[in-house]
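J.:
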Amino acid sequence: MIGRLNHVAIVVPDLEAAANQYRSALGASVSQPEDLPEHGVTVVFVELPNTKIELLQPFGEGSPVAAFLEKNASGGMHHICYEVDDIISARDKLKAEGARVLGDGEPKNGAHGKPVLFLHPKDFCGTLVELEQA
Ligand code: CO
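Each residue of the sequence shown is one higher than the one before, starting from 1 at the first, in the working numbering.
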């Protein structure tokens, strides 16, 4: 059911420093920062030949990544995102298999303007999983 790895998301305490580190030390192509108020994050995209890395920093009050940063002061891997062809049928199959879908279970538009859902980390080896309809 799952397709390509769309991205790996890493929460960072200092987005500019992280973007510079990816640019200079790793020689990566990094986008300009983009505020996503509806998701409570500022994001840059690191473009790799086969996938993307999203570097996330909290934006505004009540950011969903602020608590993560409190527990992981130097940052850390936050989630991985797999592509699916049909997010509703993927969700229904996962629920039938006993996996927990976070929130109200309805897809929301993600950082790329496409429908996404998140799955409970305890059901997937301790890793928060995002599904994106590609
Ligand atoms: Co993501």
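Positions of the beta carbon are idealized from the N, C-alpha and C atoms, including for glycine.
Do the CB positions of I87 and P107 come within less than 8 Å of each other?
T.: By 1-based counting over the sequence shown, the position of residue 87 is 87. By 1-based counting over the sequence shown, the position of residue 107 is 107. Against a cut-off of 8 Å, the Cβ pair of P107 and I87 comes out as a contact.
J.: May I ask whether a heavy atom of ligand 1 can be found less than 7 Å away from the beta carbon of H79?
T.: By 1-based counting over the sequence shown, the position of residue 79 is 79. For ligand 1, at least one heavy atom lies less than 7 Å from the Cβ of H79.
J.: Per DSSP, what kind of secondary structure is E38 in: helix, strand or coil?
T.: As a first step, residue 38 must be located in the sequence shown, where it is residue number 38. Of the three classes helix, strand and coil, the one that applies to E38 here is coil, per DSSP.
J.: Determine, using beta carbons only, whether V54 and V43 come nearer to each other than 8 Å.
T.: Translated into the one-based positions of the sequence shown, residue 54 becomes position 54. Translated into the one-based positions of the sequence shown, residue 43 becomes position 43. The question names Val, yet the displayed sequence has Glu at residue 54. Going by C-beta atoms, E54 is nearer than 8 Å to V43.
J.: Per the DSSP calculation, I53 is bridged to which residue(s)?
T.: Working through the sequence shown from its first residue, we reach residue 53 at position 53. Beta-bridge pairing links I53 to V8, V46.
J.: Exposed or buried, what is C81 when buried is set at 16 or more other beta-carbons lying within 10 Å of its beta-carbon?
T.: Locating residue 81 in the sequence shown gives position 81, counting from the first residue. With 16 or more other Cβ atoms within 10 Å, it is buried.
J.: Are the region 66–78 and the region 8–18 in contact at 8 Å, needing three or more beta carbon pairs?
T.: The region 66–78 is in contact with the region 8–18.
J.: Comparing C-alpha positions only, which one of G113, V84, H120, E61 sits nearest to I2?
T.: Start at 1 with the first residue of the sequence shown, and residue 2 comes out as number 2. Closest by alpha carbon: V84.
J.: Quick check: the Cα distance between A28 and P49, rounded to an integer number of angstroms?
T.: Counting from 1 along the sequence shown, the entry for residue 28 is found at position 28. Counting from 1 along the sequence shown, the entry for residue 49 is found at position 49. Roughly 10 Å between the two C-alpha positions.
J.: Using DSSP's beta-bridge definition, name the partner residues of N109.
T.: Indexing the sequence shown from 1 puts residue 109 at position 109. Bridge partners of N109: P115.
J.: Buried or exposed: where does G110 fall if 16 or more other Cβ atoms within 10 Å of its Cβ makes it buried?
T.: Here residue 110 refers to the residue found at position 110 of the sequence shown. Result: buried.
J.: So, for F124: in the same chain, excluding its five sequence neighbours on each side, which residues have a beta-carbon less than 8 Å away from its beta-carbon?
T.: Translated into positions along the sequence shown, residue 124 becomes position 124. Counting only Cβ-Cβ distances below 8 Å, and skipping sequence neighbours, we find A99.
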